[in-house]
Amino acid sequence: MATQIPLVSYLALDDGAPHLVANTCDHCGARFLDRRNACARCGARDFNVTSLATTGKVTSFTIVQRAAPGVKVPFVSAVVGLDDGASVQANIVDTEPDPEHITLGMPVKLTTYVAGTDDNGTEVVAFGFVPV
Numbered sequence: 171m172a173t174q175i176p177l178v179s180y181l182a183l184d185d186g187a188p189h190l191v192a193n194t195c196d197h198c199g200a201r202f203l204d205r206r207n208a209c210a211r212c213g214a215r216d217f218n219v220t221s222l223a224t225t226g227k228v229t230s231f232t233i234v235q236r237a238a239p240g241v242k243v244p245f246v247s248a249v250v251g252l253d254d255g256a257s258v259q260a261n262i263v264d265t266e267p268d269p270e271h272i273t274l275g276m277p278v279k280l281t282t283y284v285a286g287t288d289d290n291g292t293e294v295v296a297f298g299f300v301p302v
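Under the working numbering, the first residue of the sequence shown is numbered 171, with each subsequent residue one higher.
Structural data, given as structure tokens:
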């Protein structure tokens, strides 16, 4: 199998099934996908890394018709409310990018895919969500 690296730091590939991780404030429980020096909600400085749910529901979406050169359009960009209460922005993949196939409240689950491969064969892995 080729060496794989995640496209974003909050995609965990190395400890079982792929999943997203958050930095969770030890004081108030706020979760952030990016690294923080202090909690934006309460100002505390202590965090622990927690795994996020891999399933959820579409809470908002748009069908992107125009993008930077080299980005295939159309595609669906969505906010997914995860079953554990966290929210994440991601693309809905492996489905037709039209309103007849994407709906608010639609159940989805995390998936990963190879977004590119470098000259050494290392695969860059991205994530999205697919309807269930």
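Beta carbons are placed, not taken as given, at the ideal position from N, Cα and C, and that holds for glycine.
Bridge pairing for ASN207: absent [DSSP]. According to the DSSP secondary-structure assignment, ARG201 is paired through a beta bridge with THR194. DSSP, reduced to helix, strand and coil, places LYS242 outside both helices and strands of the structure shown, so it counts as coil. Under the criterion of beta carbons closer than 8 Å, ALA260 and GLY291 do not qualify as touching, at roughly 26 Å. Per the coordinates, the alpha-carbon of ALA200 lies some 36 Å from the alpha-carbon of ASP288. Annotation: the continuous beta strand (DSSP E) that includes VAL228 extends over 225-234.
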